Amino acid sequence: MKIFAIIIVFSLILNPFRVNAGDLKELYSDHFVVVSDKAMDQQYLYKVKNMAEYFYKTLTQEFKFIRDEPWLWAKRAKIFVATDRDEYVKQYNCPEWSSACVDYKGKAIFTYPQQKEFSLILSHELTHIIFREYLGLSQLPLWLDEGMSVYMEYKYEKKPSNDKIILLKKMLSEGKYIKFEELSSLTSLELKNKTKGYVDMFYLEAFSVVNFLVKKWSRYKMSNFFKFIKDGYNINEALCKAYNIRTLEELESQWIKFYQQ
Ligand SMILES: [Zn+2]
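Sequential numbering from 708 applies to the sequence shown in this note's numbering.
This is how it looks when you write it as structure tokens:
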């Protein structure tokens, strides 16, 4: 039995691919299993695996999102790669306009190959999973959930955010932004029925609030803020404990002041 186990371990080190009963190819790494059709290009799958491992480590370290259960062995996350876009929509039942979709609880990401901005997509979706898992909440204010994911995209893709900040400043000077009372209560279902302009504004604002909290104070304070939420405080209480910001209006006015300087 022992020898059998050792042979399996060695064969996995030599060849991290396995073909399962459903004729799917599985590529194993420390924290992920990348699943695809067995004809999928191996180089591409290696690229996905390496990218996922890189983001797993960096996203976890950014705000000290240390969770009780690391994604090891049977707890690895899964990345399902369909052969193409049509298969992706058909097999995984993901929205047609999307480039990836996520099962947060099941720690699974569904996508398809050869996408231009795949690393952005992966860092965004992994942030959602890691962030929710760390906080232990299935329900999070949408602005914070999306704001964090977009913030991480900019941070780890080294994507310059200057253009976005200029646009935001313009919106603020014209008073054309989503007021925080509305921003804080928006749900993803409500967002789906909004115009593209509104959705873009929502993502920009969500990102800018996270960016404001990190830049005005520090990553350390942000980690404390998240720790308070993890410990059971609601968003308003956590804002007060970490930043001494007592109301949403106060957050809004400090955010405006920060970007108008
Ligand atoms: Zn998202």
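Positions of the beta carbon are idealized from the N, C-alpha and C atoms, including for glycine. Just so you know, these numbers come straight off a predicted model, no measurement behind them.
| Looking only at DSSP bridge pairs, what is ILE816 linked to? | ILE786 and VAL809
| Backbone CA spacing between GLU803 and SER930 [nearest angstrom] | 36 Å
| request: Within 10 angstroms of the Cβ of ALA781, are there 16 or more other Cβ atoms? Answer buried if so, exposed if not. | output: exposed
| field | Reduced DSSP category for ASP737 - H, G, I as helix; E, B as strand; rest coil | value | coil
| query | What are the boundary residues of the alpha helix (DSSP H) that includes TYR940? | reply | Run containing TYR940: none; DSSP gives neither H nor E here.
| Beta carbon of ASP737, beta carbon of LEU779: below 8 Å? | yes
| said: If you measure between the beta carbons of LYS756 and PHE772, is that distance less than 8 Å? | reply: no
| field | Option in LYS823, LYS797 and ALA789 with minimal Cα separation from ILE684 | value | Because the chain spans 708 through 968 in this model, residue 684 falls outside it and cannot be assessed.
| Where does ASP852 land, buried or exposed, given buried means 16+ other C-beta within 10 angstroms? | buried
| message | Let me confirm a value: ILE837 is counted as buried when at least 16 other C-beta atoms fall within 10 Å, else exposed. Which label applies? | response | buried
| Alpha-carbon spacing of PHE965 relative to ASP744, whole angstroms | 49 Å
| request: Please work out which residues of its chain come closer than 7 Å, Cβ to Cβ, to PHE717, disregarding the five sequence neighbours upstream and downstream, and give them in chain order. | output: Note that PHE717 scores a pLDDT of 45, beneath 50, so its modelled location is shaky; the value from the coordinates is reported in the next line. Correct list: empty, nothing qualifies.
| field | Reference LEU849; option with closest CA among LYS934, LEU893 and GLY939 | value | LEU893
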